[in-house]
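Each remark here refers to the structure printed beneath this line.
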Amino acid sequence: MIFATVGTQLPFDRLLLALDTWAAMNSDVPVLAQTGQTLTRYANLTVVAKMDQRRFADAVAQARVIVAHAGMGTILTAIEAGKQLILLPRRADLGEHRNDHQRDTAIEMAALPNITVVEDSSSLCTAISAALTRSNDPDLAARSGVASAQLLGTIADFIWSEARRPARRPSPYSAALRA
Amino acid sequence: MPVFTLSKTTNPQARPSPRRVLAVASGGGHWVQLMRLRPAFDGADVHYVTVDPTVRDMVSPAPVYLYPDANKDTKLRLIASALTLAIIVLRVRPHVVISTGAAGGYLAIRIARLIGARTVFIDSIANTRQLSVSGRLAQRAADLVLSQWPAVAEASGAQYRGAVL
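Those protein sequence lines, which keep their order, are chains A and B.
Numbering of the first sequence is given in the numbering used here, commencing with residue 929 and proceeding in unit increments.
Numbering of the second sequence is given in the numbering used here, commencing with residue 12 and proceeding in unit increments.
Below, the structure is given as structure tokens:
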């Protein structure tokens, strides 16, 4: 099964229409898509507008390949599950997002072994077919589900710190009370 | 899941008083990143605040409060978010507020400052080139703002202390 998700906030027809075309040519592979709110009909996809957390986790667990916008939630979830992930970043110039941060995210994430970044519809279709042939790759092991030890230590220390929040403005009364 | 070992300074025996923590994240990646920080909350009384009721199972039995999602383009909802978050902050009265964004996290930090909470904002790992708008606003309100990219931290004046990945 291929699972596609474009988040739940903004439509992303460039990705879903390309996937719909791929699915039409590969009817033996079921494709499930979380589409967000959209009026477009995709004849060859099983669509859900918005999944709850459990259903999303099930879809990720069952997928052989995940196709997605470069949203951080999907990227982290796919890495934790050790799944192959193909990212098509949203572009602001095509009205797909408010800015181009997904392209920057995708560039950084492309270094991870399970991630393929594509820029257009045709390379998306090529990448899906290639990913399906790439099975049992040892690089695709599931990763840890927690942050780095340094970040966890910083947050734990912050929680248990005895430091009072530094007063930005000394109270006019404190001097008077001391006097 | 590997067990996170607490450092000496956070040894449970040395903890003088309980800590009530308000952990705030909007949906999607912000929430996933907050979940990756959970081992750091060990021993604290954590109250979660988010936009999606279906995450309740993930953190049960910890309490989950909901606020309406908003961003800088949805001004009216932003006001609704701020009011809801103000009620949550006043009800929970946290010692510490931790947020992984986005706008709701900044608002919660801003409100929690008024009751003397210590606050930390962790900018999303998705912001690889510059701090998010919420992160930049949080720099004027939070005690600690972290970027997950060293170069972004250096350019923005935020701190770098590792990443969720």
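Ideal Cβ placement from N, Cα and C applies to all residues, glycine included.
Determine the burial state of Asn138/B: buried for a count of at least 16 other Cβ atoms within 10 Å of its Cβ, exposed for fewer.
Taking the first residue of the second sequence as 1, we reach residue 138/B at position 127. That one is buried.
Does the beta carbon of Ser10/B come closer than 8 Å to any beta carbon on chain A?
Lying before the first or after the last residue shown, residue 10/B is absent from chain B, which here runs from 12 to 176.
Going by beta-carbon coordinates alone, are Phe132/B and Ala114/B separated by less than 8 Å?
Here residue 132/B refers to the residue found at position 121 when the second sequence is read from its first residue. Here residue 114/B refers to the residue found at position 103 when the second sequence is read from its first residue. No, the pair does not count as a contact, with Cβ atoms beyond the cut-off.
Minimum length 3: unbroken beta strand (DSSP E) runs contained in the segment 74-122 of chain B
If only complete runs of 3 or more residues are kept, the segment 74-122 of chain B shows the beta strand (DSSP E) at 75-77, 107-110, in order along the chain.
How should Asp134/B be labelled, buried or exposed, when 16 other C-beta atoms within 10 angstroms of its C-beta is the threshold for buried?
Taking the first residue of the second sequence as 1, we reach residue 134/B at position 123. It is buried - the Cβ of Asp134/B has at least 16 other Cβ atoms within 10 Å.
Assigned exposure category for Ala1027/A - 16 Cβ within 10 Å defines buried:
Along the first sequence, one-based indexing puts residue 1027/A at 99. Before going further, note that residue 1027/A is Asn rather than Ala in the sequence given. With fewer than 16 Cβ atoms within 10 Å of its Cβ, Asn1027/A is classed as exposed.
How about Arg982/A: is its C-beta nearer than 8 Å to some C-beta of chain B?
Here residue 982/A refers to the residue found at position 54 when the first sequence is read from its first residue. Yes, its Cβ sits closer than 8 Å to a Cβ of chain B.
Would you identify the three-state DSSP class for His58/B, choosing helix, strand or coil?
Taking the second sequence and counting its residues from 1, one reaches residue 58/B at position 47. Looking at His58/B - three-state DSSP - the assignment turns out to be strand.
Measuring only the C-alpha atoms, how far is Thr963/A from Pro939/A?
Against the first sequence, residue 963/A aligns to sequence position 35. Against the first sequence, residue 939/A aligns to sequence position 11. Taking the straight line from one Cα to the other gives about 7 Å.
Just to make sure I have the definition right: I need the residues of chain A whose C-beta is within less than 7 Å of the C-beta of Ser135/B. Which are they?
Residue numbering aside, residue 135/B sits at position 124 when the second sequence is read from its first letter. Those are Met1000, listed as they occur along chain A.
In whole angstroms, what separates the C-alpha of Ala152/B from that of Val108/B?
On the second sequence, position 141 is the one that residue 152/B refers to. On the second sequence, position 97 is the one that residue 108/B refers to. For Ala152/B and Val108/B, the distance between alpha carbons rounds to 12 Å.
Taking a contact to mean a Cβ-Cβ separation below 8 Å, would you say Val100/B touches Ile136/B in this structure?
The residue labelled residue 100/B in the question sits at position 89 within the second sequence. The residue labelled residue 136/B in the question sits at position 125 within the second sequence. No; because the gap between Cβ atoms is not below 8 Å, this pair is not in contact.
If we ignore side chains and look at the alpha-carbon of each, how far apart do Arg1071/A and Asp986/A end up?
The residue labelled residue 1071/A in the question sits at position 143 within the first sequence. The residue labelled residue 986/A in the question sits at position 58 within the first sequence. Roughly 17 Å separates the two Cα atoms.
Tell me whether the segment 1034-1048 of chain A and the segment 1011-1019 of chain A touch, counting them as touching only if at least three CB pairs, one residue from each stretch, are closer than 8 Å.
yes
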